[in-house]
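These notes are about the structure you will find just below.
2 protein chains.
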Amino acid sequence: MESEERLKNSGLKTTKSRKAILDILIRSDQPMAAEQIFLVLKEEQIAINLSTVYRTLESLENKDLVTKISILDDDRMLFEYNQLGHRHYLVCISCKKIITVQNCPLGTYEKTLEDETHFNIIGHKLYLYGNCEDCQMKNASN
Amino acid sequence: MESEERLKNSGLKTTKSRKAILDILIRSDQPMAAEQIFLVLKEEQIAINLSTVYRTLESLENKDLVTKISILDDDRMLFEYNQLGHRHYLVCISCKKIITVQNCPLGTYEKTLEDETHFNIIGHKLYLYGNCEDCQMKNASN
DNA sequence: TTTTAAATGCAAATGATTTGCATTTGCAAA
DNA sequence: TTTGCAAATGCAAATCATTTGCATTTAAAA
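Top line first, the protein sequences correspond to chains A and B. Heads up: the first sequence begins at 611 in the working numbering, then just goes up one per residue. Heads up: the second sequence begins at 611 in the working numbering, then just goes up one per residue.
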C-alpha cells in the first residue's frame with residue numbers, strides 16, 4: 611500500500627495500469643523488462659497495452675517510483691520498484707539473474723573523483739558480473 | 611601499430627575494415643557508437659558498410675581488442691579500444707561526454723561480495739554520473 | 001453529475017541492430 | 001606468384017525494442 615501512497619503523492623493519476631505495474635515490480639525479486647511485465651499482466655488477465663506499459667514505466671521513472679537499469683549484453687531496459695535506497699547489481703552472466711546488493715564500496719570515492727575531475731557527481735551505478743552458485747555447479751558438471 | 615599486432619595475433623584476418631575501425635577507436639578519446647564510427651569512415655572516404663561495422667565490432671569484442679559499454683539513457687551500444695587496463699566511466703548527463711577513469715575504488719569488495727553471495731565474480735562495471743565542468747558553468751548561466 | 005486533462009488502446013513508425021545470401025578478399029599453401 | 005578456400009563484406013531486408021500519433025476512455029476535481 612505504500613506504493614499507492616507514493617503514487618498518489620507523486621502527482622500522477624492513480625490508474626489501474628500504474629497500480630498493476632507497481633504491484634508486479636514490487637512482487638518481483640529482480641528488475642524486469644517491459645515485455646516481461648506485459649506478459650505477467652496477461653497471465654493475470656489484466657488487459658494493458660504494451661505501449662501503455664512503456665509509457666507507464668516512463669512516467670513512474672520520472673516520478674522516482676521506479677528505477678531503470680541497463681545491463682551489458684541485454685538490449686532491453688530493465689525496471690524495478692524504487693525502494694529508495696542505494697543499491698548495486700550482481701549479475702549472473704549465465705542465467706542472467708540479477709541480485710540487488712545494498713552495501714556500497716565507494717566510500718568517499720565520488721568526492722575524491724570530483725576533486726580530480728571537477729565534475730559534479732550526482733550518482734553512480736555499479737554492476738558486478740560473474741556466475742551464481744547454481745551456474746557454477748552447472749558449468750562444473752558440463 | 612600495436613593494435614595491428616594484436617589483431618594479427620588474435621586469429622582474425624587483418625582486413626581493411628578492422629584496421630580502419632581500430633584506428634578510429636584508438637584516436638577517439640571516448641567510446642563510440644557503431645553509427646558514429648560509420649560516419650567517421652565516411653568522412654575519411656573509407657567505404658565500409660554499416661552492417662560490416664556492426665559485425666567487425668562484434669568480432670573485435672570477441673577477441674578482446676574492443677570493449678563494449680552500455681550507458682544508461684543511451685540506447686546504443688558504445689565501443690572503445692581495449693587498452694588492457696581496468697577502467698571506469700564518468701558520464702556527463704548533460705553533454706553525454708564520457709571520461710575514462712583508471713583508479714578503482716573497490717579494493718577487496720569483489721572478494722567480500724563473493725564470500726557473502728557465493729558468486730564467482732569475474733568483473734564489474736562502474737559508471738559515475740554527473741555534470742562536467744563545462745556543463746556546470748553552462749547550467750549556472752541559464 | 002459534469003467536465004477536462006491525463007491516460008490508454010491501437011496500429012504504425014522509428015532507430016539500432018541483425019541476418020541471409022551472393023560476392024569479394026586475406027592469406028596459407030603450393 | 002598463383003590458387004583455393006573460408007572468412008569477411010556489401011546489400012537489402014528483417015527483426016526487435018521502443019516510441020509516436022490520434023481517437024477514445026478514464027480519474028478525479030469541481
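All C-beta atoms in this analysis are idealised placements derived from N, C-alpha and C, irrespective of residue type, glycine included.
For T666 of chain A, the enclosing alpha helix (DSSP H) starts and ends at 660–672. Taking the Cα of R697 of chain B as reference, the smallest distance to any Cα among B:L632, B:T624, B:Y737 is reached at B:Y737.
Of the residues assessed, G621 of chain A falls on the exposed side of the cut-off, its CB having fewer than 16 other CB atoms within 10 angstroms. Residue-level contact check: P715 of chain B touches chain A, since one or more beta carbons of chain A fall below 8 Å from its beta carbon. Boundaries cannot be given for F729 of chain B, as no beta strand (DSSP E) includes it and DSSP labels it neither H nor E. At a cut-off of 8 Å between beta carbons, H696 of chain B makes no contact with chain A.
Listed in chain order, the alpha helix (DSSP H) runs fully inside the stretch 670–729 of chain B are 719–727, counting runs of at least 4 residues.
Residues of chain B with a Cβ closer than 7 Å to the Cβ of L736 of chain A are, in chain order, H734, L736. Under a 10 Å Cβ-count criterion, R628 of chain A is classified as buried, with 16 or more other Cβ atoms of the shown protein chains found around its own Cβ.
Within chain A, L723, T727, F729, I731 have C-beta atoms less than 8 Å from the C-beta of L700 of chain B, given in sequence order.
Per DSSP, reduced to three states, the secondary structure at A644 of chain B is helical. Under the DSSP assignment, K623 of chain A falls outside any alpha helix (DSSP H); it carries neither an H nor an E label.
Across the structure, N741 of chain A and A750 of chain B are spaced so that their CA atoms are roughly 45 Å apart. The criterion of a C-beta distance shorter than 8 Å is satisfied by A644 of chain B and L660 of chain B. The CB of S680 of chain A comes closer than 7 Å to the CB of S680, L682 in chain B, given here in chain order. Residue A:D683 holds the alpha-carbon nearest to the alpha-carbon of K707 of chain A among A:G695, A:E726, A:D683, A:K735. Against Y739 of chain A, the close residues of chain B are I731, I732, G733, H734, K735, in the order they occur along the chain (beta-carbon pairs closer than 8 Å). Secondary-structure assignment with DSSP links L738 of chain B through a beta bridge to A:H734, B:L700. Interface annotation, Y719 of chain A: in contact with chain B, CB-CB separation under 8 Å.
Of all alpha-carbon atoms in A:I732, A:K721, A:P641, A:R665, the one lying nearest the alpha-carbon of T625 of chain A is that of A:R665. A Cβ of chain B is located within less than 8 Å of the beta carbon of E743 of chain A. The Cβ atoms of F729 of chain A and L700 of chain B sit closer than 8 Å to each other. Using a Cβ-Cβ cut-off of 7 Å, I709 of chain A is close to T727 of chain B, given in chain order. For Q746 of chain B, the enclosing alpha helix (DSSP H) covers residues 743–750.
Under a 10 Å Cβ-count criterion, C705 of chain A is classified as exposed, with fewer than 16 other Cβ atoms of the shown protein chains found around its own Cβ.
Contact between V663 of chain B and I679 of chain B fails: their C-beta atoms lie close to 17 Å from each other, not under 8 Å.
Its chain contains T624 as the residues whose beta carbon lies nearer than 8 Å to that of K618 of chain B, once the 5 sequence neighbours on both sides are disregarded; these appear in chain order.
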